[in-house]
Every structure is written in C-alpha cells, then in structure tokens.
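Number of protein chains: 4
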Amino acid sequence: MSSNLGKLWFVEDQTEGVSTSLRVDQVLFQGKSEFQEVDVMRTPYGLTLVLDGKIQSCELDEQIYHECLIHPAMLAVEDAKQVFIGGGGEGASAREVLRFKSVERVTMVDIDPVVLRTSKEFLKKHSAGAFESPRMNLVVGDCKAYLEQTTDKYDVIIMDLADPLPDGPCWHLYTKKWFEFLLTRLNPGGVFVTQSGPAGVVAMRDVFTPVHHTLRSVFPAVVPYSAHVLSFSDLYGFNLAYSQAPKKPFGSLTPAEYDAQLSKRLSDPEKIFFLDGLTSTAVATLNKLQRNAIAAETRLITEDTGAFLYV
Amino acid sequence: MSSNLGKLWFVEDQTEGVSTSLRVDQVLFQGKSEFQEVDVMRTPYGLTLVLDGKIQSCELDEQIYHECLIHPAMLAVEDAKQVFIGGGGEGASAREVLRFKSVERVTMVDIDPVVLRTSKEFLKKHSAGAFESPRMNLVVGDCKAYLEQTTDKYDVIIMDLADPLPDGPCWHLYTKKWFEFLLTRLNPGGVFVTQSGPAGVVAMRDVFTPVHHTLRSVFPAVVPYSAHVLSFSDLYGFNLAYSQAPKKPFGSLTPAEYDAQLSKRLSDPEKIFFLDGLTSTAVATLNKLQRNAIAAETRLITEDTGAFLYV
Amino acid sequence: MSSNLGKLWFVEDQTEGVSTSLRVDQVLFQGKSEFQEVDVMRTPYGLTLVLDGKIQSCELDEQIYHECLIHPAMLAVEDAKQVFIGGGGEGASAREVLRFKSVERVTMVDIDPVVLRTSKEFLKKHSAGAFESPRMNLVVGDCKAYLEQTTDKYDVIIMDLADPLPDGPCWHLYTKKWFEFLLTRLNPGGVFVTQSGPAGVVAMRDVFTPVHHTLRSVFPAVVPYSAHVLSFSDLYGFNLAYSQAPKKPFGSLTPAEYDAQLSKRLSDPEKIFFLDGLTSTAVATLNKLQRNAIAAETRLITEDTGAFLYV
Amino acid sequence: MSSNLGKLWFVEDQTEGVSTSLRVDQVLFQGKSEFQEVDVMRTPYGLTLVLDGKIQSCELDEQIYHECLIHPAMLAVEDAKQVFIGGGGEGASAREVLRFKSVERVTMVDIDPVVLRTSKEFLKKHSAGAFESPRMNLVVGDCKAYLEQTTDKYDVIIMDLADPLPDGPCWHLYTKKWFEFLLTRLNPGGVFVTQSGPAGVVAMRDVFTPVHHTLRSVFPAVVPYSAHVLSFSDLYGFNLAYSQAPKKPFGSLTPAEYDAQLSKRLSDPEKIFFLDGLTSTAVATLNKLQRNAIAAETRLITEDTGAFLYV
C-alpha cells in the first residue's frame, strides 16, 4: 500500500487565508448534537476532540492548555474547596481541578450530552477518572441558567467554553454583565478564569484583548497570560480575574515559590507536564506586542448589543 | 455552526501534481485488512468505498462503471450460465451479472474478507441482494489460486480488480501468461473482460493501452472501450476479450438491436441506468487520442519480469 | 531539495464539496482586470489560463474543447465566410475558425484587454498566429453591445464565454431574448454554437440542459453534445443551434463523410487532434443520463428575471 | 467574482501528517538557483520569502525572529565592532546588526545570488537599507570557505542558515568540528549564535536540542531560548554560545537593565518590535518540556558521519 495515495485530512481554518491540515488516521466518532458537531479522531496529535470544526483538545498537548487554564486560578485561592467549571466537556479541566487536594466539590455544567458521552467513551485519558470522582458534581445543562438559578458561591469559577464568536452560542458568557454576575458568585478571595482565545500576532485582538478589557472593567485585578499550544496553531490566551486585589498575582511568585505551592497543593506534584515554576514566569509575561495590544484595547463586550462596544 | 470552519476531506492523488478532494460527511468504516486499507465514507458522491486510498465505488455513479464492466461481456455470450468474477468485493458486479436471466451461477472470488464484510454491512445498495442470491457462489480467497485449483470453465470471466500497479498485489492478474491461462478456462464462445484503468488524455497509457496490447497478443479479438466516471475523475477504460472472433463485437449492434438484447436478457431492462443502446455506440467508440495511443502501444505485461516488456 | 516540502497549488471548486488541486510549477501572470481575475500558470496540464479561479484553457487538452466548440458549427455551413466569436480571449477559438479555408473574416469581440494582452504574451501556442491573421478582426468590447450596434450578419456565431452564473457577467448572453436576437443576425443557413458548461452526472443540469431548453424555444433545431475535458474535471457540454432545420445535423454524418468534410474544409486536416469522424459520432451521442436530463428540463433562461423560469 | 472559486495556495509540510496552507495573493518571483528554489509571494502574512518550500521570512513577524536571533548576541558583547553573518540573504539579520551603533563592519556571506538579488528587488522592507550601508561587506559565496580562507576574527558570529536536514546543504555548519573552528574565529569575549529550528512539543528534538548539546560540548556556556513565530507555525529555537563564561548570560538581566542596554546600544531603541526587556525574560525561559528535552539530549552532530552521533 503506497503512502502517497489518498488520505483523510482534517482542515481547520485559522485566520483569513490560513489553514492547518491534520492527517486523520482514525475517526472514532462523528455526530451532531443539538448544539454542535462533535468529532473524535486520531491524528498525528493523538486523540483529538473537535467541536464545530475547531480542535478543542489533543492528547499531544492538552495538558499545556489545561494546566494553564486551571492551575493559576486554583493556586490563587489558598484553600479552594468549591470549584465551578462552565463547559469543559471532555473532563480534562475537572481532572486538573481534582488534582488539588483542598477541593471538596467541583461542579461542572456542560450543555452538550453528546460531548460528555463521547468523551467518556473515547477520551478516557483526557478525564483520567474525573467523571467517576466522588468529588465530581456533573450537571448537563446551560451553565448560565444553572448559576442564575442557585445562590451557591464558589472559590474558583472556570469558563472553559468556545470563543465568543459573533454568531456562536457562547457570546453572552463573555459580556460585562455576565462578568458582573459572576463576581457576585465568588466567595471572598475567589477568582474567575476564562480561556480567552488565540494570543498571537494576528489573532490576539479577536478575543484575548477585548475579554481582558471587559474583565478589567469589572474585577479589581486581572492577569492576562498565554502559552503556545501547538495543536491550536498559535499562542493561546487566558485571563485570571481576582475578586480582591491579590498580594501575589499569577507571575509574581519566584519559580521556587510556585513549585513549593504545587508541591503543597497537588496530590501528584511530580506529574506536572508543562507549567512548573520556571515556566510560570514565562507564561505570565506577555510579550511586547501583546502588552501593546492590551494597552490599546478599548472595546467592551456588552450583552445588550451582542457586539463589541467601543468606549 | 459556521460552515466555513474545519472540515474532513478525502484527498486522492490522480496523476503527478493533480489531486481531487472530496468532503467527507461521515466515516462509516475505517480498517486495515491483511491486504489493504478499507474505508467507507459518505461524501458528496454518496456512500463511497475506498481501498488503499483509491475510490472504488460511489453511490453516485457506480452503476456507470458496473454496467460498462458487466453488460457488454454478458451480452456477448448468448446464453451465459456460468460466470466468474475475480474481485468485485462490494457486490455490484455480481448484482449486474445476476440481472441476466440466463445466469445459473456466479462464482465470485474476492481475497479480502474485510471488504466483503464491510460492504455487506454498509453498502447494501451496491450489492442489492446479490450476496443473498441462491445463484451466488461467494468464495473468500485468491482468485488466481482458485482458478488454478479447479478445472471449471466459464462463459464469462470478469476481473474487477485494482490496477496493475508496479508494487500492487494485482500485477500478476494482468500478465500475458495469466491471460493465456484464462483463455483455457472459457467455454467455447466465452469472453473475458477486465477493468483497465483510466482512459483519458494523461493516464490512458498507464494501464488501458498495455492491457489492451497484452490481451491482443492472446485473444483473437479484443474490444477496448471507455466511459466517463466522474468519481474516478477521468474516462475509464475496459477491455473485452473474445475467445472466438465475434460476429457482432461490442459496439457493432445498432442502438435498437442493443436495447432489444437488453430487453431479452435482463430481468429488469427498464432499470438501465446508463448503458442503453445509444450510449453503447458512444462507449464503444474510442476517440482519436485513444485510438492513436492503442495503435502506438508495444508493451506486453509479462509475469516473469513483473514489468512491462517492450516488444 | 526535497520534493515533499511545500508547494504551490491551484485549487478549483467543482461542485459542492468537491475540488481539484493542480500543482503550480510557475506563475507567469497574475492580474485583476476591470472584469475578472486573470492568471496564467504552468501546471501539470501545461500552460493554463484561469479566469476568476476557473480553468479556461490548458495546453494539455484545450484542443479537445476548441475543436468541439468550433468544428461542428463550421462544418454545418458549407461555405462559411463571416464568423463571429463572442469572448474567446486566448485566441484558440479564432485559431480553429481560421483553419477553415472558406473563412474570409472572423470578428472576435472580447471584453477584457487584460486577457487579450496576457494571452498574446504568454499563450502564443494557444492562438498559433490567429491574432496576426489578416482575416482576424479583433475588437475589444462587449460582444452584446457590438452586435446590437451593427446590422452585420454572420454565417457562424460562436459564444465562448464564462458560464451563466447567477452573479456572473455573462448571464444575459444565455437568455431567450438574446438567442432570439442572435437568430436575426445569422445569414440564411447560419448556425450558432455556445459552450454550455459541464455535462456530467452531477452538474449537467446547472447550465447544459437549461441552455439547451432555452435554445430549443428559439431555434428550429438544436444539437446538444459533449466531450470529456480532463482539465475541466468533467464531461463538457455544447449546444449547436441551426437557423434552418439541417439536412445533416451534427452526428449524422458517417465517420468517413465527416473526415471527408474536414479534408475539404480545413487547410490542415491532418492536424486534427481529437474530433475526427469516428470521434464525432461519440461526441454527438448523449448518454442515457444526459438524454433523460434534457427530456426532463423545463427551465427557460429569461433576461427579465435574470433567473430560470420554469414553464 | 466569487470568493469561493479556485485559489492559489502555498502548502508547507510541518511535521509528519501536519501541514499549513497559506493563500497566495500574488507571486512576485519564482526561480530556481544553483542551490535552491526561491519564491517571493504575497500571502496573508505579507511579503513572504520561501526557500525550498519552507517559509523563511514574512513581513508579518520576521522582526520577531530577527530580533531574537540578533539582539541577545549583540548585547552580549559590550562594544561589538566586527560582526559576521553566515546566510541571512534577505538582509533582515544585517538590518538588525546595523541598528547597533558600535558596529563598524558586518560581513555577510550568503551563497545564493538569486536570493540576494530577489530580496533586494522585492523585499526592500526586510533589509531596510542594509545592503546600501557603508558598514556592509556583502560577499556572495560559501560562508564556510570564506571563514576558512581568512584569519579574520569577529566579535559576533551569526548563523542564519537553513536547518541541518540530513540531505540539506547546511548540515556541515552545525557540526562539532565547525563549532570548534568558529570558536577560534571569535575575538576574546565574542559570541556565536545560530537559529536552531523549531522548539515546540513535537519538533524540538529535531534540531534545537542536538544543536544545543553539540554547542555545549565546545563552548563554555550556551544559552538556549525560544519565541513563538506564527509564520513558522511553532515555537522557534536559538542557541547563543559564549567564548567565555558570561557574567550576565541572556535572560539574567532585569527587564529594566535589558531595556537600558537597548537604549544605549541601538540607534533606534524606540523601534523595538518584540524583544524588549520584559519579553526577553520570557524568551530566555524554556518551558518544562524544553528543559527536559535538553537535559535528555545526548546526540552530538559530527562532521565525519554527517549524522547524529549518540554519546
């Protein structure tokens, strides 16, 4: 069998006129839920979850993304017990939360039962037992509706959702009004973190900087940071928002202090894949282009307009 | 969900520097047998069987290919009772043979149980009940070994195999020696037909003309013909070889005579998809480029060398 | 230098979810005229003219297209002297017209000076001296306006234009009203021929059959025909419309009669590339699918609506 | 003109089964020199230089690559006067060197006159006048032969070459023997820097870590570092080798100290695009995966074998 014959390829558009192609070695699942297209395939990046044609999580480097999304927020709250995750369907965010010994309960609300079922069946390594944990409170539903219907408060709230694309379903979860609401659902000293889209030279202004700017209009302190995620074809951005001005915001610990925190807080500190103390200093340091873009950003994401408001 | 996001594509190389991409809407089966990679997918061409990265059979137009492969040979033998098919795993060749009322038994020998099993499960429309026919004698095995181990003779022998690629498994089934052997397994007046690869301006010399030339060195008469098969991205070629010089070789019947033959011989003549009498006159008429290429061909495919022999 | 490194590819969408990729070995010209994007590149199909991303003419097989477009119409008029070509910018249609000894003057009106200039510079083999012929009357302009402003009549009118895409510039040159007008510009016994888009199993209803149906509503006789053009990735369709019912419509000559006509009419009959007498019988014979589609067609292309009118 | 019609794409293979496609809006130059294929095209990343199918330099982000390649080395030598660049054909490395006021002469030796000529004509912004500088000593030739034929010594030697691919032309410029030779051509306190290929999770072991390991076997101190270069589709690696153990190796200055150095040394410190003091701390901090890979590396690149030697 000749290897130069036909092949199956997954093609993901990145920015205008730029796309990435991944050879597909196996398609494990293809389906369409009420909310999105769901695909699980084996690619050169390992088992790969794709939602609506965008790579969400690859075996190869999902730990980079998930350690970056979860660890800085968890470390920001000394004794984080109650954690909320909006989205995060494949279970890797919950997996990272559950590594923290202080956690008593992680409430994860994902809207899509197809993603949950598929992940449980095909992406066991991604969740690594999180779904079976006695500390896991998994809810299938709309995380906005869920939070609005309770008065529960959390030490850490994590949004692991799709980007706020103009026509996408998640737009309203990145607005000023929503951030104001979330602030009321944090325990004293609690933090909120959200994935914030690509953070590289071309795309950083699409989501990363307006989300940062919007959070800054609500929270007393917000730390933006980024890491390269190869399977996302770019630097990837995050914003960590503090309900109270932190003494030691993410990035200000020395590597040794950060590593000591990990050792103290994690049940398995020796299994850090990417984000150890030294790495954390680089991840928390935006490059000049990113700092300039954030400084120049003036757009607020508002719910009323469903669009960016320049102020 | 935006349609301009990532997609799954099947890419098939045609000739050097030319490829065709088909959107893959569903992958129904992916597997690797002892012999080849086997894929069944839903594409804009309908259910599509792919072996080793080459499209074999698309719901859209497989009837064009299979009517062309089977009907001229079957019509060439007035009362064809015993028919042999080498390959033809998805069952469509057998389906076409079984449309002929005179057929008592079709012996189909395909080497790949994975292709057979997959076709039965996912490509029911392709075989249309052929596998369940009491006239079907399905053998899983090497069609060469099978024929060599019996003394059975046939009215019509059909080779529905992969192209004789230099490193492929089917090379030895296109050689002069093999054709000489097949001639001994035909009943008096019997015919042999083989798919013969692409027949368009670029690729017709790869398989179509050397197979024709090789057959001509063995059989008293050989009719080459071709039809456009969109899913094969080219004109596609066939060679029909007669064990005795025919009175009415393929292409010499008037449209009315051909249609009358179909009416008499087929159980369902009204269901002709493509190759009716008028169409047959065009299919049997090579264009000037094809005739020139055949006239200029001097290569014999020999078993000894496993390569083309220029004579 | 490794051949598996990056390459330049031209990607042409065929139908929904199907595209063809050609390696680009050299880009000779890229430009944007007032009317369209114009590219000349060297591909595995030789020098290739591309307008608005659609292949128009490849060195490899443009003779198939151009002999099919021009010869049947020219042969239909015994002593064709005055010929009109709408479009045909790269000069190959004019080249084929000028092979006919009877021609006194070919008036070719192409709207795009960039196409003309580029073709003269880079595609000399395509025009083969046509632009320099003393019998050539080249006009840069809108062929519709040109014809409406004169009272000249022609023995043969040829439309070698882009397809009548809903938003394209050529729609109005495929309407019933325009065809009625053209009929008034034909000398007695004159004919009109137009390229009519792809004619294969998927796309034949896009242009081929409605153009045929519309012509049939205007002219006393119309012969549809098709040939496989590899670089167009499909069978390709034509419609030849007669101002008077012909004694010998295209396809009714025996191969010998057709070849005799070519010998008599052409200055270089020995240089026929594709469409000789035998080939003409196949080209003029639609397959069953095409005949069915034409029989079922009821759409008229009307100028008023700029859309198909079902009648 | 519909934007969903055919387009021209540049496809670059990254790693096995992963490729990046860039829309090509204009091809300004395509040629083949004695050494390589040379292309200049306009893409969504701006003017783009491609050698042998690999993107070398994009208007969008070449400053990230070139500031990272040049600045740390230049800042490492307090009063760098004599600088040598091997390769660097498009002139951007020289441009960055010439921003340093102390530089008296930059000797740039590039083997390919086609790259030089093409860059001067089409990529003026990349060189920004460097080729016309009175301090520029441009030599067309083999940088290895050049250095071997003189006894000149340099304060800074920069290798801006293609990766040491097994069959590529640059392999011998990454060997232990060559590094030993370069060490003899550095003035006291001089440094050597070389681009070192991709540094991301998949590809960092291809070039980055063995080059580091080989340099470490020759130089008393080597600092590896990396930055994300979007147009290279990965983190990109560099190695800065010191002829004497540095007091302040790259990465050990505070941001303020680094910025102060830039202000003192550059003629236009306000034009820093990417690598300012804060950014330098992140660039010099390898992530955990990179540190692990470097720690585990045992391969030396030797000239004798033209291959990696495991030691």
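Residue numbers (the numbering used here), protein chains in the order written: chain A, 1 to 311; chain B, 312 to 622; chain C, 623 to 933; chain D, 934 to 1244. C-beta: ideal position from N, C-alpha, C; glycine also. A quick note: this is a predicted structure, and the numbers were derived from the prediction, not measured.
Interface annotation for the segment 631-650 of chain C against chain D: W631, F632, V633, E634, D635, V646, Q648, V649, criterion Cβ-Cβ distance under 7 angstroms.
The shortest C-alpha to C-alpha distance from P1046(D) to any of F1141(D), Q1128(D), Q1194(D), V971(D) is the one to V971(D). The beta carbon of G1024(D) does not come within 9 angstroms of any beta carbon belonging to chain A, so the residue lies off that interface.
Chain-order list of chain A residues neighbouring Q341(B): Q26, V27, by C-beta distance under 7 angstroms. A contact is defined here as three or more CB-CB pairs under 8 angstroms, and the segment 429-443 of chain B fails this definition with respect to the segment 454-472 of chain B.
Among the bridge pairs identified by DSSP, M781(C) is matched with G708(C), T816(C).
With respect to the 9 angstroms criterion, L808(C) and Y847(C) are not classified as neighbours on the basis of their beta carbons. What S57(A) touches in chain D, judged by beta-carbon distance under 8 angstroms, is nothing: the nearest beta carbon there is about 14 angstroms away. Straight-line spacing of the CA atoms in V140(A) and D110(A) works out to 5 angstroms. Counting only Cβ-Cβ distances below 7 angstroms, S1150(D) has no contacts in chain A at all, with the closest Cβ about 24 angstroms away. For Y547(B), the enclosing beta strand (DSSP E) stretches over residues 545-553.
In the three-state reduction of the DSSP assignment, R135(A) falls in the coil class, being assigned neither a helical nor a strand state. Taking 9 angstroms as the cut-off, the Cβ atoms of T665(C) and V640(C) do not count as close. Against chain B, the beta carbon of G822(C) has neighbours under 7 angstroms at H539, L541, listed in chain order. At least one CB of chain D lies nearer than 9 angstroms to the CB of R291(A). Residue pairing by DSSP leaves Y880(C) without any beta bridge partner. Within chain A, not a single residue places a beta-carbon under 7 angstroms from that of A1174(D); the smallest gap is close to 21 angstroms. Relative to the Cα of H850(C), the nearest Cα in the group L682(C), Y768(C), F801(C), S889(C) belongs to L682(C). CA-to-CA, the gap between P868(C) and L875(C) works out to about 12 angstroms.
Within 10 angstroms of the beta-carbon of S1200(D) lie fewer than 16 other beta-carbons, which makes it exposed. Against chain A, the beta carbon of A1215(D) has neighbours under 7 angstroms at A282, T285, N287, listed in chain order. At a cut-off of 9 angstroms between beta-carbon atoms, T43(A) makes contact with chain D.
Collapsing the DSSP output to three states places E656(C) in coil. Any Cβ of chain A closer than 9 angstroms to the Cβ of D1139(D) would place that residue at the interface, and such an atom is absent. Listed in chain order, the non-local C-beta contacts of A1136(D) below 8 angstroms within the same chain comprise Q947, T948, G1130, D1167, local neighbours out to five positions each way being set aside. In this structure the segment 549-556 of chain B touches the segment 520-530 of chain B; the number of beta carbon pairs closer than 8 angstroms is three or more. Taking C-alpha positions only, L673(C) is separated from R428(B) by approximately 47 angstroms. Counted as a single uninterrupted DSSP element, the alpha helix (DSSP H) harbouring G277(A) occupies residues 277-283. For the options L650(C), G710(C), A695(C), I686(C), the alpha carbon positioned closest to that of F872(C) is the one of A695(C). Residue environment: A456(B) is assigned as exposed (fewer than 16 neighbouring CB atoms within 10 Å of its CB, all protein chains considered). Distance from the CA atom of Y1169(D) to the CA atom of L230(A), rounded to whole angstroms, is 12 angstroms. The alpha-carbon separation between A1025(D) and K940(D) amounts to approximately 30 angstroms. Residue-level contact check: L900(C) touches chain B, since one or more beta carbons of chain B fall below 9 angstroms from its beta carbon. Under DSSP, the beta-bridge partners assigned to T43(A) are G46(A). Between D234(A) and chain B, the shortest Cβ-Cβ separation is not below 9 angstroms.
Counting along the chain, the unbroken beta strand (DSSP E) around S848(C) starts and ends at 843-851.
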